């Protein structure tokens, strides 16, 4: 009798599995890619995101400059920012701070915000938690020693991140920051005009705009960009001042930091 019951239960389970398989086949035939998209949706829901932009009703944006490979044009950029009374955020790599400590101090002394851009500019997703911590903590100490600022913003080199990177940065008290407008000033094909057009045609409230301190044509493009943005009614703040206070979340489709609705 027990053997018969076990066989019945086994047949029922088999029938359920076959029905489920048949249902999946029907769904995939009716809605191609349904199953793959469903799995991707679940995976995406579990993926942590950095901040790409900020939900702002006012016309305000943030300029940011990554510094890793040189300092030839930094004085010129600082002069333009001073002339236009614009404060920006500079993300500094640790070895850059070691090589140019006086320049790091000058940037901070001019009123600009200093962010952490790692120690050695690695692909962060290839590192362990302890290696990530070392990249951040070493650079944090160098920035504080050179500028007096305690960095709280981190931009991953190459924009390369995963959950491990963001969780580790969160634990260290950092915001992980990307960008919503890439000037593409780092490309060999870049010109001052291409940089200008990339930025001014993609403007939006709460934008975080990416430049590099040692890109050849960025100084030529920067003043026209700032002038045009001001003519359109935009103002400028460092990223730290752009971020929202209080309860917030990151929109999963855009990477935008948004206020969490109240009860």
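In our numbering, the protein residues as written are 79 to 341.
Even for Gly, the Cβ is constructed at its ideal location relative to N, Cα and C.
Because the structure is a prediction, the values reported are computed rather than measured.
Going by C-alpha distance, which of the options is nearest residue i?
i, options, result
"residue 237", "259, 331 and 178", "259"
"residue 225", "251, 212 and 188", "188"
"residue 165", "139, 130 and 150", "139"
"residue 141", "241, 324 and 288", "288"
"residue 324", "186, 313, 268 and 340", "340"
"residue 248", "201, 214 and 267", "214"
"residue 290", "337, 322 and 195", "195"
"residue 123", "252, 153, 328 and 177", "328"
For residue i, count neighbouring C-beta atoms within 10 Å of its own C-beta (all shown protein chains included) and say buried if the count is 16 or more, exposed if not.
i, result
"residue 161", "exposed"
"residue 334", "buried"
"residue 254", "buried"
"residue 239", "buried"
"residue 315", "buried"
"residue 207", "exposed"
"residue 144", "buried"
"residue 331", "exposed"
"residue 204", "exposed"
"residue 167", "buried"
Output needed for residue i: all residues of its chain with C-beta closer than 6 Å, excluding positions within five of it in sequence on either side, in chain order.
i, result
"residue 172", "197, 216, 217 and 220"
"residue 136", "none"
"residue 228", "222"
Can you find the residues in the same chain that come closer than 8 Å, C-beta to C-beta, to residue i, ignoring five residues on each side of it along the sequence?
i, result
"residue 299", "261, 263, 270, 271, 273, 274 and 277"
"residue 175", "182, 217, 220, 221 and 224"
"residue 286", "129, 130, 131, 132, 139, 140, 142, 255, 256, 257, 258, 259, 317 and 320"
"residue 322", "132, 133, 335, 336 and 337"
Among residues of its own chain, excluding the 5 on either side of residue i, which ones have a beta-carbon nearer than 7 Å to its beta-carbon?
i, result
"residue 303", "274, 277 and 278"
"residue 150", "292"
Can you give the beta carbon distance from residue i to residue j, rounded, assuming they're within the 8 Å contact cut?
i, j, result
"residue 191", "residue 284", "Actually they are not in contact, since the Cβ atoms of residue 191 and residue 284 sit about 16 Å apart, beyond 8 Å."
"residue 199", "residue 235", "4 Å"
"residue 126", "residue 241", "5 Å"
"residue 185", "residue 231", "Going by Cβ atoms, the distance from residue 185 to residue 231 rounds to 14 Å, so no, they are not a contact pair."
According to DSSP, residue i sits in a beta bridge with which residue or residues?
i, result
"residue 193", "169"
"residue 257", "The partner list for residue 257 (beta bridge, DSSP) is empty, contrary to what the question assumes."
"residue 183", "Residue 183 pairs with nothing; no bridge assigned."
Between residue i and chain D, is any beta-carbon pair separated by less than 8 Å?
i, result
"residue 277", "No chain D is part of this structure, which consists of one protein chain only."
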